[in-house]
Amino acid sequence: MKNFLKTLSSSLILLSFTMLFSCEPSPRKVNVKIDNEFVKNNKVILDDSIRIPFYKTDNEFANMVLMSGEHHVSVNDGPKMPFTVGIDGGILNVSRRDFVIYSIKYEMGNPNPLAGLLGNNVDIPEELAAQLNSTVVEYEVPLLVDGYVVYNKTLAESQEDLKKVLKTKSKSKFDTHLVFVPAAELFIHKTWDFDIHETAPEQVEMRVEEGQRYAKTYRSSIMEATTFPLYAMFSGEYNVEKITDEELASTIGNW
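Heads up: the sequence shown is residues -22 to -1, 1 to 233, going by mature numbering (1 follows the signal peptide of the UniProt record, and there is no 0).
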């Protein structure tokens, strides 16, 4: 009887291990972006034996195909650096650049809550409109990038004003549509919709209910941090200023 129980116990343990490993996702081919110019000028070795080639493409970031799972890479005969490729791919950041993942807002209709009652041609005072929309406005967490502070125009009018706002508003009022990815991240897992340097469409499909007058949705993209302040400035949605307040910089850094 004891032998039977011991055999049964061993079988159950073996079955448990089999089920555990069978649940692991199978490796699959995924797309990974890499700095093409860096590869051209440096010796980049993948998994001990594969030298990543320079790709003949007009894009600054070339696309290569890797299997999902564990890998390591070395640059110019330096130490092996391990990284994990997820099933959604990402960027192999061998050139050690900073990046920003940012949102792109798509809207349909008129966000003015009185438009349906008074008509689209009625002018609503800005103060009243701001109050009416206060429950649905999202504020992105301010971003420090390349010596600049980037923050929503609807959030504050100056760095001094921004400092006061961050001290009084709850973190729950902010979203994380702006994400700074530091150069220390060797592999950046893809969480964005449009790849680096990919042109975002002017419109996207949105699910709306019958009679709904306004809808919005977000998509996301990624770009080099050094380029983002210029993009933010021309987008019209952000204030972009050289950081002049050390206390503000510390507050944002600890936010």
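Heads up, the beta-carbon is just placed ideally off N, CA and C, and yes, glycines get one too.
| Item | Value |
| --- | --- |
| Per-residue burial, Ser73 [other beta carbons within 10 Å of its own, 16 or more giving buried] | buried |
| Residue nearest to Ala178 in terms of C-alpha spacing, selected from Val159, Ile200, Met184 | Ile200 |
| Local conformation of residue 317 per DSSP, three classes | Because the chain here runs from -22 to 233, residue 317 falls outside it and cannot be looked at. |
| Identity of the residues DSSP links to Tyr84 by a beta bridge | Thr195 |
| Residue nearest to Ile174 in terms of C-alpha spacing, selected from Asn37, Ile230, Pro120 | Asn37 |
| Reduced DSSP secondary structure (H/G/I, E/B, other) of Ser52 | strand |
| Short Cβ contact (8 Å threshold) for Gln137 with Asp223 | yes |
| Among Val143, Tyr126, Gln190, Met184, nearest to residue 246 - alpha-carbon criterion | No information on residue 246 is available, as it lies outside the stretch -22 to 233 that the chain covers here. |
| Where Leu44 sits in the DSSP three-state scheme | strand |
| Whole-angstrom distance between Lys58 and Lys21, CA atom to CA atom | 13 Å |
| Pairwise C-alpha distance: Pro120 and Tyr33 | 37 Å |
| Selection from Ser46, Ile79, Asn71, Met42 that minimises the alpha carbon distance to Ala162 | Asn71 |
| Burial state of Asn54, where buried means 16 or more other Cβ atoms lie within 10 Å | exposed |
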